[in-house]
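Peer 1: Residue numbers (numbering that gives the first Met the number 0), protein chains in the order written: chain A, 0 to 319; chain B, 0 to 269. Idealized CB from N, CA, C, for every residue including glycine.
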Amino acid sequence: MTLLLGALSIGLILSFLALGVFISFRIFHFPDITADGSITFGAALAAVLLVDGVHPLLATLAGFCGGAAAGALTGVLHTKFKIHGLLAGILVMTALYSVNLHVMGRSNVPLLSEITLATYAERIGEVILRSTASLNVLGWEVSVRDGSVFLLLFLAIAISGLVGYLFFRTSLGTAMRATGDNDQMIRALGVNVDNMIVLGLALSNGLIGLAGALLAQYQGFADVQMGIGMVVWGLASVIIGEALVGPGSLGLTITGAIMGSVLFRLMVALALRWGLDPNDLKLITAAFVFVALVAPNFLGELGKRFGPAQRARSSPGRSV
Amino acid sequence: MLEACGLAKTFNPQSPNEVRALNGVDLAVEEGAWVVVIGTNGSGKSTLLNAIAGAFIVDTGTISLAGQDITGSPEHKRAEFIGRVFQNPFSGTAANMSIAENFALAARRGMRRGLNWALGSDLKQAMRERVRSLNLGLEARLGNTIGSLSGGQRQALTLLMSTWLRPKLLLLDEHTAALDPKSADQVIRLTEEIVSREKLTTLMVTHSMQQAASLGDRLVMMHRGQIIHDLRGAEKRRARVDDLLARFEEVRRREQLDETAAEMLRRAYV
Numbered sequence: 000m001t002l003l004l005g006a007l008s009i010g011l012i013l014s015f016l017a018l019g020v021f022i023s024f025r026i027f028h029f030p031d032i033t034a035d036g037s038i039t040f041g042a043a044l045a046a047v048l049l050v051d052g053v054h055p056l057l058a059t060l061a062g063f064c065g066g067a068a069a070g071a072l073t074g075v076l077h078t079k080f081k082i083h084g085l086l087a088g089i090l091v092m093t094a095l096y097s098v099n100l101h102v103m104g105r106s107n108v109p110l111l112s113e114i115t116l117a118t119y120a121e122r123i124g125e126v127i128l129r130s131t132a133s134l135n136v137l138g139w140e141v142s143v144r145d146g147s148v149f150l151l152l153f154l155a156i157a158i159s160g161l162v163g164y165l166f167f168r169t170s171l172g173t174a175m176r177a178t179g180d181n182d183q184m185i186r187a188l189g190v191n192v193d194n195m196i197v198l199g200l201a202l203s204n205g206l207i208g209l210a211g212a213l214l215a216q217y218q219g220f221a222d223v224q225m226g227i228g229m230v231v232w233g234l235a236s237v238i239i240g241e242a243l244v245g246p247g248s249l250g251l252t253i254t255g256a257i258m259g260s261v262l263f264r265l266m267v268a269l270a271l272r273w274g275l276d277p278n279d280l281k282l283i284t285a286a287f288v289f290v291a292l293v294a295p296n297f298l299g300e301l302g303k304r305f306g307p308a309q310r311a312r313s314s315p316g317r318s319v
Numbered sequence: 000m001l002e003a004c005g006l007a008k009t010f011n012p013q014s015p016n017e018v019r020a021l022n023g024v025d026l027a028v029e030e031g032a033w034v035v036v037i038g039t040n041g042s043g044k045s046t047l048l049n050a051i052a053g054a055f056i057v058d059t060g061t062i063s064l065a066g067q068d069i070t071g072s073p074e075h076k077r078a079e080f081i082g083r084v085f086q087n088p089f090s091g092t093a094a095n096m097s098i099a100e101n102f103a104l105a106a107r108r109g110m111r112r113g114l115n116w117a118l119g120s121d122l123k124q125a126m127r128e129r130v131r132s133l134n135l136g137l138e139a140r141l142g143n144t145i146g147s148l149s150g151g152q153r154q155a156l157t158l159l160m161s162t163w164l165r166p167k168l169l170l171l172d173e174h175t176a177a178l179d180p181k182s183a184d185q186v187i188r189l190t191e192e193i194v195s196r197e198k199l200t201t202l203m204v205t206h207s208m209q210q211a212a213s214l215g216d217r218l219v220m221m222h223r224g225q226i227i228h229d230l231r232g233a234e235k236r237r238a239r240v241d242d243l244l245a246r247f248e249e250v251r252r253r254e255q256l257d258e259t260a261a262e263m264l265r266r267a268y269v
């Protein structure tokens, strides 16, 4: 149960990463690799502030802001200096590695003895349950800390998803979506495309920095290497989510990205539990993403072949 | 309304691909006029439109719109006053967004976009009315994505979108060139209806001599980055397709004469 709850909790935390990647890759069609650096930056800032005794909410907010700054920098490199998007992301990500080392002062900052959001979650749980004993959920023992952390994370991501959905239905959000869809048209409609891109990347990496800050507080440490390969996790979550919900409205795709993140962590946790060699983790990641990319088309073909009367679930060839 | 003086633009200067797209263009368009622009290939028709719209900054010359100098203004700032329909039916709309959302975007052309709801109910109502007037049956499908529509339908919607907020200047860049004859006809009729109803100042580039002869109240002919003919009033009304074709022929003949003359001079004096 602890394993399950742990996997789900990390899945929920990394949903913020998935949302961030969704914004840059899917809404802006911008191949943004800054994530590897901004998630660590968010974690580093939050960790250092927490050690200094700053309130966890402020520290987490700082993580968001740090990520946003990194994203804005990538945006500026691309729009003002005309550097290719992919390269701009790589530049910022590479620079952030050193920045993170400076911020943390060393390669790892432990947080187990600090007051973090996890501590607050535990306290809230204790107040609500009026006890510190562990719960009994369906026959399994669940500590108050694990249970309340999971529930609060669920609440946080649900609210964030809703806010994100509402935001992209506003004038500004709609203009952002149009920027990724047809920048020539939106420029002719009076939108400053450069500013949109910088704002969008700031938002995207802000969410990713937030994921980093939350992850550090959950796992009890911030490590300068924790971001490596994170953009792949985020992308895999988005793709798995799309395979789950299919082509649909914005709200559906946002929910899909969140579900994809949770499901992905769950599958990996289960695979490890059933004896998968941790060395094979990246291989399994690639295999999952491959299946997620291919399955919708494959199932669509099967549907067409065995049921001509049925409406085949055809999705136009999606390029990543 | 529009005053362009001494416009010049060279692409890829000092390189083997150098193109002097605009070579001293002076154009003054009165308010409410409909100017049709025709010209030989590479004459700079589309470049002129792009220069006015702000897709690039001209090398020399000034452009002013409604008395305001926009020569150095970036494209998105000029968009407040200019409505555009492009040649490519895919350029004027966002393919993966719904018809309603596209209109919502157009309804705020040139305005600050904030956290207000993009698709308000009064906007949806107004949208339904305007789209119904197109008689394309689209008013019931406002939630569908644009990508599912035909080229003609997209151009009709782009035209509606670009004039949703009354623009000071409407730029039409061969907007029926990529359509089949029937759709092109519908879009032209829609163009005529909107331009005459709103009394829009219009600059329309076309390849079609038929359109050039039958539309607009002024005709401008370009060649090699310059304006070589400017027909107004009665002269424009008199012009038929044959007259326009004859003028094109004359330009071609003049070109040939220039080449031979240069050759003769070279043989005589070099």
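Could you check whether the Cβ of A:Ser159 sits closer than 8 Å to any Cβ belonging to chain B?
Peer 2: For the purposes of this step, residue 159 of chain A is identified with residue 160 of the first sequence, where counting begins at 1. Judged by the 8 Å Cβ criterion, A:Ser159 is not in contact with chain B.
Peer 1: Restricting to runs no shorter than 3 residues, where is the beta strand (DSSP E) found entirely within the stretch 93-144 of chain A?
Peer 2: Correct list: 107-109, 134-136, 139-141.
Peer 1: Starting from B:Thr190 and walking both ways along the alpha helix (DSSP H), at which residues does that stretch end?
Peer 2: Position 191 of the second sequence, counted from the start, is the residue given in the question as residue 190 of chain B. Residues 180-197.
Peer 1: Quick one: grab the DSSP three-state call for A:His28.
Peer 2: In the first sequence, the residue the question calls residue 28 of chain A occupies position 29. Of the three classes helix, strand and coil, the one that applies to A:His28 here is coil, per DSSP.
Peer 1: Excluding five sequence neighbours on each side, which residues of the same chain lie with their C-beta closer than 7 Å to the C-beta of A:Asn99?
Peer 2: As a working mapping, residue 99 of chain A is identified with position 100 in the first sequence. Cβ neighbours of A:Asn99 beyond the five flanking positions: Thr39, Phe40, Ala43, Val223.
Peer 1: State whether the stretch 58-77 of chain A contacts the stretch 117-132 of chain A, with contact taken as three or more CB pairs (one from each stretch) at a distance under 8 Å.
Peer 2: Not touching, per the Cβ criterion.
Peer 1: Answer yes or no: does any C-beta atom of chain A fall closer than 8 Å to that of B:Thr92?
Peer 2: Mapped onto the second sequence, residue 92 of chain B falls at position 93. So, interface residue.
Peer 1: Please determine, among A:Leu7, A:Asn296, A:Val290, A:Gly299, the residue with the shortest C-alpha to C-alpha distance to A:Gly146.
Peer 2: Translated into the one-based positions of the first sequence, residue 146 of chain A becomes position 147. It is A:Leu7 whose Cα lies nearest to the Cα of A:Gly146.
Peer 1: Note the first and the last residue of the continuous beta strand (DSSP E) segment covering B:Gly82.
Peer 2: By 1-based counting over the second sequence, the position of residue 82 of chain B is 83. It spans 81-84 - the beta strand (DSSP E) in which B:Gly82 sits, taken as one unbroken run.
Peer 1: Does any residue of chain B have a CB that is nearer than 8 Å to the CB of A:Arg25?
Peer 2: For the purposes of this step, residue 25 of chain A is identified with residue 26 of the first sequence, where counting begins at 1. So no, A:Arg25 is outside the interface.
Peer 1: Between the stretch 153-162 of chain B and the stretch 88-108 of chain B, are three or more C-beta pairs nearer than 8 Å?
Peer 2: Touching, per the Cβ criterion.
Peer 1: Closer than 8 Å by beta-carbon distance: list the chain A residues that pair up with B:Leu133, in chain order.
Peer 2: On the second sequence, residue 133 of chain B is found 134 positions in, with the first residue counted as 1. Under the 8 Å cutoff, chain A gives no residues; its nearest Cβ is about 19 Å from B:Leu133.
Peer 1: Can you confirm whether B:Ala78, when its beta carbon is compared against all beta carbons of chain A, has any partner nearer than 8 Å?
Peer 2: If you number the second sequence from 1, residue 78 of chain B lands on position 79. For B:Ala78, the answer is yes, since a Cβ of chain A falls inside 8 Å of its Cβ.
Peer 1: Would you please verify whether the beta carbon of A:Asp180 is less than 8 Å from any beta carbon of chain B?
Peer 2: The residue you call residue 180 of chain A lines up with position 181 of the first sequence. So yes, A:Asp180 belongs to the interface.
Peer 1: Any idea if A:Met195 is buried or exposed, counting beta-carbon neighbours within 10 angstroms, 16 or more meaning buried?
Peer 2: Translated into positions along the first sequence, residue 195 of chain A becomes position 196. By the 10 Å Cβ count, A:Met195 comes out buried.
Peer 1: For a contact meaning CB atoms closer than 7 Å, what does B:Glu173 contact in chain A?
Peer 2: Within the second sequence, the letter at position 174 stands for residue 173 of chain B. Chain A residues near B:Glu173: none, gap ~16 Å exceeds 7 Å.
Peer 1: Near A:Val75, which residues of its chain fall below 8 Å by C-beta distance, leaving aside the five closest residues on each side in sequence?
Peer 2: For the purposes of this step, residue 75 of chain A is identified with residue 76 of the first sequence, where counting begins at 1. Excluding sequence neighbours, A:Val75 sits near Val197.
Peer 1: Between which two residues does the beta strand (DSSP E) containing B:Met203 stretch?
Peer 2: Locating residue 203 of chain B in the second sequence gives position 204, counting from the first residue. Its beta strand (DSSP E) spans residues 201-204.
Peer 1: Should the stretch 160-175 of chain B be regarded as contacting the stretch 198-208 of chain B, the criterion being three or more beta carbon pairs within less than 8 Å?
Peer 2: A contact exists between the stretch 160-175 of chain B and the stretch 198-208 of chain B.
Peer 1: Which one or two residues does DSSP pair with A:Asp251 in a beta bridge?
Peer 2: Your numbering for residue 251 of chain A matches position 252 in the first sequence. Per the sequence presented here, residue 251 of chain A reads as Leu, with Asp not at that position. None; A:Leu251 has no bridge partner.
Peer 1: At what residue ranges does the stretch 19-77 of chain B contain a whole run of the alpha helix (DSSP H), taking only runs of 4 or more?
Peer 2: Listed in chain order, the complete alpha helix (DSSP H) runs (minimum 4 residues) inside the stretch 19-77 of chain B are 44-52, 74-77.
Peer 1: Inspect the beta-carbon positions of A:Ser106 and A:Val261 and report whether they are closer than 8 Å.
Peer 2: Position 107 of the first sequence, counted from the first residue, corresponds to residue 106 of chain A. Position 262 of the first sequence, counted from the first residue, corresponds to residue 261 of chain A. Going by C-beta atoms, A:Ser106 is not nearer than 8 Å to A:Val261.
Peer 1: Excluding five sequence neighbours on each side, which residues of the same chain lie with their C-beta closer than 8 Å to the C-beta of A:Gly10?
Peer 2: Numbered from 1 along the first sequence, position 11 holds the residue referred to as residue 10 of chain A. Cβ neighbours of A:Gly10 beyond the five flanking positions: Ser260, Val261, Leu262, Phe263, Arg264, Leu265.
Peer 1: Listed in chain order, which residues of the stretch 102-121 of chain B have Cβ atoms closer than 8 Å to some Cβ of chain A?
Peer 2: Correct list: Ala103, Leu104, Ala105, Arg107, Arg108, Gly109, Met110, Arg112, Gly113, Leu114, Asn115, Trp116, Ala117, Leu118.
Peer 1: What residue from B:Gly82, B:Asn22, B:Ile98 has the CA that sits closest to B:Gly136's CA?
Peer 2: On the second sequence, position 137 is the one that residue 136 of chain B refers to. Residue B:Ile98 is the option with its Cα nearest to B:Gly136.
Peer 1: What residues of chain A sit near B:Met96, judged by a beta carbon separation below 8 Å?
Peer 2: Position 97 of the second sequence, counted from the first residue, corresponds to residue 96 of chain B. Simply Thr173, Arg176, Ala177, Asp180.
Peer 1: Three or more C-beta pairs under 8 Å: does that hold for the stretch 102-119 of chain B against the stretch 224-235 of chain B?
Peer 2: Contact between the stretch 102-119 of chain B and the stretch 224-235 of chain B is absent, because fewer than three Cβ pairs lie under 8 Å.
Peer 1: Grouping DSSP H, G and I as helix and E and B as strand, with all else coil, what is A:Lys303?
Peer 2: Here residue 303 of chain A refers to the residue found at position 304 when the first sequence is read from its first residue. Three-state DSSP puts A:Lys303 in a helix.
Peer 1: Measure the CB-CB distance between A:Val91 and A:Ala61 and report whether it falls below 8 Å.
Peer 2: Here residue 91 of chain A is taken as the residue at index 92 of the first sequence, counted from 1. Here residue 61 of chain A is taken as the residue at index 62 of the first sequence, counted from 1. Not a contact, by the Cβ cut-off of 8 Å.
Peer 1: Using a cut-off of 8 Å between C-beta atoms, extract the partners of B:Arg83 located in chain A.
Peer 2: The count along the second sequence starts at 1 and reaches residue 83 of chain B at position 84. The answer, in chain order, is Ala187.
Peer 1: Return the residue from the list B:Trp33, B:Ser14, B:Phe10 that minimises the CA-CA distance to B:Glu232.
Peer 2: Residue mapping note: residue 232 of chain B aligns to position 233 of the second sequence, counting from 1. According to the sequence shown, residue 232 of chain B is Gly rather than Glu. Considering only alpha carbons, the answer is B:Trp33.
Peer 1: For chain A, check one thing: does any of its Cβ atoms lie closer than 8 Å to the Cβ of B:Glu320?
Peer 2: Any question about residue 320 of chain B goes unanswered here, given that chain B covers just 0 to 269.
Peer 1: Looking at the C-beta of B:Phe10, does it have a partner C-beta in chain A at a distance below 8 Å?
Peer 2: Locating residue 10 of chain B in the second sequence gives position 11, where the first residue counts as 1. No, B:Phe10 does not count as interfacial toward chain A.
Peer 1: Going by C-alpha distance, which of A:Ile22, A:Arg129, A:Val148, A:Leu282 is nearest A:Tyr164?
Peer 2: In the first sequence, the residue the question calls residue 164 of chain A occupies position 165. Cα-wise, what sits closest to A:Tyr164 is A:Ile22.
Peer 1: Is the separation between the beta-carbon of B:Ala212 and that of B:Leu189 shorter than 8 Å?
Peer 2: On the second sequence, residue 212 of chain B is found 213 positions in, with the first residue counted as 1. On the second sequence, residue 189 of chain B is found 190 positions in, with the first residue counted as 1. The answer is no: Cβ separation not under 8 Å.
Peer 1: In this structure, does DSSP put B:Lys167 in helix, strand or coil?
Peer 2: On the second sequence, residue 167 of chain B is found 168 positions in, with the first residue counted as 1. Three-state DSSP puts B:Lys167 in coil, outside helix and strand.
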